[in-house]
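Numbering (this note's numbering) for the sequence shown: 1254 to 1610.
The beta carbon of each residue, even a glycine, is placed where N, CA and C say it ideally should be.
Taking it in order: structure first as structure tokens, then the write-up.
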Amino acid sequence: MKTRATLEELATLVGGKVEGDGSLPIRGIASLEDAGEGEITFLAEIKHSRRLEKSRASAAIVPTNLPSFPRPLIRTPNPHLAYAKVQAFFQEKPFSPRGVDSRAFIGEGVKIGRDVSIYPFVYVGAGSEIGDRVILHPGVCLGESVQVGEGSVLYPNVVVMDRCVVGKRVILHPGTVIGSDGFGFARDGKKFVKIPQVGIVVIEDDVEIGANCAVDRAAMGKTWIKRGVKTDNLIQIGHNVTVGEDTVIVAQVGIAGSTEIGNRVALGGQAGVVGHIKIGDGAMIGAQAGVGQDVAPGQILSGSPAFPHREWLRAQAAFPKLPEMKRALAELEKRITQIEEALSGQRSAVSKGPDRA
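Have a look at this one:
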């Protein structure tokens, strides 16, 4: 873990511009509230600048358009990205592979690359291939003929079932299961008969999947998680789903089988997506949305059933007023009824004509 850098070195790392003493030594990065002397903090948005004024940090990463400030700064168009890079710099640990622990089970014909760390109680099935610098934490279970690409990290109790493929630099967090059977059954009268799930899961490079997620193997073919996908915890991805590049999926999303999700899509927390539909590139699905039909590229949807986000906002604004609107409508209906009755009485009187002596 790196312990010190100058402000100028950090600015070079993030592509920012120093304002003030570039030789200032920095030993870490922390939040506006927690940072102290010798630490750098970051301000993502100008509207929070009062919090920066109160911070005890020695320096700050700030937006390029922040007004002049009496403290050493790194100015950058994207402070949040710069924060990520600086935090990664300080958290980077020396690479020290542990080798294969004697308490791990390694099946027949397994190929293991260089500089791996395979911890106690890992199970690796026959015919599997493990790339260079892979880390398998305690309790990881790899089925037969699994492939794990170089630089990938599988945290405790991750399961990758037979024949599934994990790419390079993939991170799988604790308890995630890759390649469990898809939910496929055929009806036989009053019973359901299991459809064998004989496909696989393919996870491409630079994917990160959160804790306790499930990615089901395909009925036939593959369930496909493309390059750069990031998921939160507690995600369910059904059989034969395709998730496009650089898509982000927030906690508790469920995606039913054979749905195709495009590149750079964002799925908000607890969204539900039915099977056999397509969600186009760049679409955004709001939290708790229920998506039941195709979504055009770039479309923004909210609500259940999902509909355009702006319309949903108007509907949400109207929702608290519904009781009042209901009372007003009932009063209007009552008055209309009274007017209709009065008009009906007048028409009846006219139809009878004037009284004759």
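**Study point:** Classification of Val1446 by the beta-carbon crowding that lies within 10 angstroms, buried from 16 upward
**Key:** Here the question's residue 1446 lines up with position 193 in the sequence shown. When all chains shown are included, Val1446 counts as exposed.
Exercise for review: State the DSSP-derived secondary structure class of Phe1295, mapped to helix, strand or coil.
Suggested key: Here residue 1295 refers to the residue found at position 42 of the sequence shown. Correct three-state label for Phe1295: strand.
Point to revise | Element boundaries [beta strand (DSSP E), containing Phe1438] | key: Taking the sequence shown and counting its residues from 1, the one referred to as residue 1438 is at position 185. That run of the beta strand (DSSP E) goes 1438 to 1441.
Point to revise | Own chain, CB closer than 6 Å to Gly1392, minus 5 neighbours either side, in chain order | key: Mapped onto the sequence shown, residue 1392 falls at position 139. Same-chain partners within the cutoff: Phe1374, Pro1409, Asn1410.
Exercise for review: Please indicate yes or no: does the CB of Gly1533 lie closer than 7 Å to some heavy atom of the ligand NAD?
Suggested key: The model depicted lacks the ligand NAD and carries no ligand whatsoever.
Point to revise | Separation of Ala1471 from Gly1428, as counted between CA atoms | key: Stepping through the sequence shown from its first residue, residue 1428 is reached at position 175. Stepping through the sequence shown from its first residue, residue 1471 is reached at position 218. So the two alpha carbons sit approximately 20 Å from each other.
Point to revise | Own chain residues within Cβ distance below 8 Å of Asp1459, not counting five before or after | key: In the sequence shown, the residue the question calls residue 1459 occupies position 206. Cβ within range, chain order: Gly1420, Lys1421, Arg1422, Val1423, Arg1480, Gly1481.
Check your understanding: In chain order, what residues of the same chain have a beta carbon less than 8 Å from the beta carbon of Ser1405, not counting five sequence neighbours either side?
Key -> Start at 1 with the first residue of the sequence shown, and residue 1405 comes out as number 152. Closer than 8 Å at Cβ, skipping near neighbours: Gly1384, Val1387, Ile1388, Val1419, Gly1420, Lys1421, Arg1422, Val1423, Ile1424, Leu1425.
Review point. Quick one: what does DSSP say Arg1328 is sitting in, helix, strand or coil?
Key: Along the sequence shown, one-based indexing puts residue 1328 at 75. Three-state DSSP puts Arg1328 in a strand.
Check your understanding: Which value, in whole angstroms, describes the spacing of the CA atoms of Met1473 and Ala1283?
Key -> Indexing the sequence shown from 1 puts residue 1473 at position 220. Indexing the sequence shown from 1 puts residue 1283 at position 30. Approximately 48 Å between the Cα atoms of the pair.
Point to revise | Beta-carbon proximity check, Leu1334 vs Arg1304, cutoff 8 Å | key: The residue you call residue 1334 lines up with position 81 of the sequence shown. The residue you call residue 1304 lines up with position 51 of the sequence shown. For Leu1334 and Arg1304, no; Cβs fall outside 8 Å.
**Study point:** Contacts around Leu1582, its chain only, beta-carbon distance under 7 Å, and the 5 residues preceding and following it disregarded
**Key:** What you label residue 1582 is simply residue 329 of the sequence shown in a count that begins at 1. Same-chain partners within the cutoff: there are none.
Check your understanding: For Ala1542, which residues from the same chain have a beta carbon less than 8 Å from its beta carbon, with the 5 sequence-adjacent residues on both sides left out?
Key -> Translated into the one-based positions of the sequence shown, residue 1542 becomes position 289. Gly1521, Ala1524, Gly1525, Leu1554, Ser1555, Gly1556, Ser1557, Ala1559, listed in sequence order.
Exercise for review: Go through its chain and collect everything with a Cβ distance to Pro1332's Cβ below 8 Å, but skip five positions before and after it.
Suggested key: Along the sequence shown, read from residue 1 onward, the residue named residue 1332 stands at position 79. If we look at Pro1332 and ignore the five residues flanking it on each side, its Cβ neighbours are Phe1295, Leu1296, Ala1297, Ile1314, Val1315, Pro1316.
Practice item. Mind reading off the beta-carbon distance from Gly1463 to Thr1476? Whole number of angstroms is fine, and I expect it under 8 Å. Key: Taking the sequence shown and counting its residues from 1, one reaches residue 1463 at position 210. Taking the sequence shown and counting its residues from 1, one reaches residue 1476 at position 223. Not really, about 17 Å apart at Cβ, beyond 8 Å.
Exercise for review: Starting from Phe1445, follow its DSSP beta bridges and name the residues at the other end.
Suggested key: In the sequence shown, residue 1445 corresponds to position 192, counting from 1. Answer is Arg1440, bridged to Phe1445.
Point to revise | Cα-Cα separation between Val1501 and Glu1306, rounded to whole angstroms | key: Position 248 of the sequence shown, counting from 1, holds the residue named residue 1501. Position 53 of the sequence shown, counting from 1, holds the residue named residue 1306. In a straight line, the C-alpha of Val1501 is about 34 Å away from that of Glu1306.
Practice item. Give the single residue among Arg1328, Pro1330, Ser1398, Asn1318 whose Cα lies nearest to the Cα of Glu1361. Key: Taking the sequence shown and counting its residues from 1, the one referred to as residue 1361 is at position 108. Measuring from the Cα of Glu1361, the nearest candidate turns out to be Ser1398.
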